[in-house]
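A short write-up of the structure that comes next.
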Amino acid sequence: MAWVRVSLWALCALRVALATVFFQEEFLDGERWRNRWVPSNDSRLGHFRLSSGKFYGHKEKDKGLQTTQNSHFYAISARFRPFSNKGQTLVLQYTVKHEQKMDCGGGYVKVFPADLDQRGLNAKSPYYIMFGPDICGFDLKKVHVILQFKNEYHANKKFIKCKDRQRGLPVCDVHWMLFPGKQVDGFTHLYTLILRPDLTYEVKIDGRSIESGSIEYDWQLTSLRKTEQAVASPGSERAKAGAGQARDWEKHFLDAGASKPSDWNSELDGDWPGPMLQKPPYQDGLKPEAMDQDLWLHEKMPSTGYLTRYDLSEFESIGAIGLELWQVRSGTIFDNFLLTDDEKYAENFGKATWGQTKGPEKEMDDILIKEEVTRAREEEEDELLEGRFHRPQGPFHGFPRQNEL
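According to mature numbering (1 follows the signal peptide of the UniProt record, and there is no 0), the sequence shown holds residues -19 to -1, 1 to 386 in order.
Below, the structure is given as structure tokens:
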């Protein structure tokens, strides 16, 4: 039994060892993060600082990049060794915390090509992936999942809602006086995007899957369909060839009873085509006898699918990750960035970071909320007492009363 336990641990360790981590950032070395993260040169942009916020689960582990100026754009990025995710899974993960009274602003990250101009990073800088929450008022509270292909950006057509619960415990009306207009959850949350080579994807929040499906069906691919239709238009050579093949296939069908000769060498002779028999003529919708409608021809029809040539989950030269966003009210904290090819590694990394501090963070927030509520009540009582002993004096103050005459 002990041997089995050791073997399982060895398998887990082997899986971690096989994972490729392209980028990982936890901001555990103090101000050295400035050597890795490059801000844009635009002087009009807001500044970042390293902070764990007003409440946290661990003062050092929860430190991340925090926006500091209201009503500003922000642009900062970090570079790493370029790689291609062709034929492999790509996992993008990070944590974001809107501890301020967020009313309008972005909490998403972007993945950039290796040739990104970091000093010139702005809203027009090309990117491969944009992922994460975006909030503006009561109407927009969604998770963006945008992929780039052929210099065009395609958004997931499903509405993926971000976290928007109220921070802290609702303690009567005093809570709403302390936090008026609170719109989003102020706790740290873990956001994960998984793009797989089979063209499936998955979006997780706090380790739980909230959306998944096929890139082929869940993205707005109108422009790609138009491109494919133009290539296969009636006047094109490809369309003419396809039509000719279709006409030929209408006249023939595969002889299902025939078998490949024993001396057929696939390496030398190629794939065995199989004998094609002439279709017997028929009309008026009558099906000829002994013909199975489910028979497949050996030759394949030209695919009309746009994804035979376009793969929206593969990027040739991924080389940077960054934040390029706008915030009306600053204070958001970004932390625990990860790019890897292993879903299990990302899951374990999330548990070792956000998973370890989420509980203590809420406990600290509860304590602060109760302290603020107590302080507000005490101030309110003081104001009532002060008003009772210092009533406003009327216009007739100082005149003698009737019993004093």
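Note that the Cβ used here is the ideal one computed from N, Cα and C, for glycine as well.
Self-check item: Where the alpha helix (DSSP H) through glutamate 41 begins and ends
Solution: No alpha helix (DSSP H) contains glutamate 41, which DSSP labels as neither H nor E.
Quiz item: Would you report the Cα separation of aspartate 166 and glycine 88, rounded to the nearest angstrom?
Solution: If you draw a straight line from the Cα of aspartate 166 to the Cα of glycine 88, it comes to about 12 Å.
Quiz item: What residues in its chain sit with their C-beta under 6 Å from that of leucine 71, if we drop five residues either side in the sequence?
Solution: Counting only residues of its own chain and dropping the five nearest sequence neighbours on each side, leucine 71 has a CB closer than 6 Å to the CB of Leu176.
Quiz prompt | Span separating the alpha-carbon of histidine 28 from that of cysteine 85 | solution = If I take the Cα positions, the gap works out to 18 Å.
Quiz item: Is methionine 83 helix, strand or coil by DSSP?
Solution: The answer is coil: DSSP assigns methionine 83 none of H, G, I, E or B.
Quiz item: Is the beta carbon of aspartate 316 sitting closer than 8 Å to the one on glycine 45?
Solution: Yes, they are a contact pair.
Quiz item: Between which two residues does the alpha helix (DSSP H) containing aspartate 199 stretch?
Solution: 196 to 199 is the extent of the alpha helix (DSSP H) around aspartate 199.
Quiz prompt | phenylalanine 112, enclosing beta strand (DSSP E) - first and last residue | solution = 110 to 117 is the span of the beta strand (DSSP E), which, as asked, contains phenylalanine 112.
Exercise. Have a look at Ile116, Glu192, Gly336, Asp323 and flag the residue whose alpha-carbon is nearest the alpha-carbon of lysine 82.
Key: Answer by Cα proximity: Ile116.
Quiz item: If you draw a straight line from the C-alpha of leucine -2 to the C-alpha of leucine 31, how long is it?
Solution: C-alpha separation (whole angstroms): 32 Å.
Quiz item: Three-state secondary structure (DSSP) at threonine 49?
Solution: Three-state DSSP puts threonine 49 in coil, outside helix and strand.
Quiz item: Any idea which residues DSSP pairs isoleucine 186 with across the strands?
Solution: Answer by DSSP bridge pairing, in chain order: Tyr172, Arg189.
Practice problem: Inspect the CB distances between the segment 127 to 147 and the segment 339 to 354 and report whether three or more fall short of 8 Å. | Solution: Segments in contact, no.
Exercise. Would you kindly check if the distance between the Cβ of phenylalanine 36 and the Cβ of methionine 345 is under 8 Å?
Key: The Cβ-Cβ distance between methionine 345 and phenylalanine 36 falls below 8 Å.
Quiz item: Can you tell me whether threonine 1 is buried or exposed, with buried defined as 16 or more other CB within 10 angstroms of its CB?
Solution: Burial call: exposed.
Quiz prompt | Other residues of its chain near leucine 293: CB distance less than 6 Å, five sequence neighbours each side excluded | solution = Excluding residues within five positions, the ones whose Cβ falls inside 6 Å are Leu128, Phe130, Ile196.
Quiz item: Is the Cβ-Cβ distance between lysine 40 and threonine 334 less than 8 Å?
Solution: Note that the C-beta distance between lysine 40 and threonine 334 is not below 8 Å.
Quiz item: Out of curiosity, what's the CA-to-CA distance linking proline 261 and leucine 180?
Solution: Reliability of the predicted coordinates at proline 261 is poor, the pLDDT of 47 falling under 50, and the value obtained from them is presented with this limitation in mind. CA-to-CA, the gap between proline 261 and leucine 180 works out to about 42 Å.
Self-check item: Residue environment, glycine 368, which counts as buried when at least 16 other CB atoms sit within 10 Å
Solution: Result: exposed.
Exercise. Identify the continuous alpha helix (DSSP H) that holds phenylalanine 330 and give its terminal residues.
Key: It spans 324 to 333 - the alpha helix (DSSP H) in which phenylalanine 330 sits, taken as one unbroken run.
Self-check item: Beta-carbon separation (whole angstroms), residue 390 vs isoleucine 141, contact threshold 8 Å
Solution: Here the chain comprises residues numbered -19 to 386, so residue 390 is not present and cannot be evaluated.
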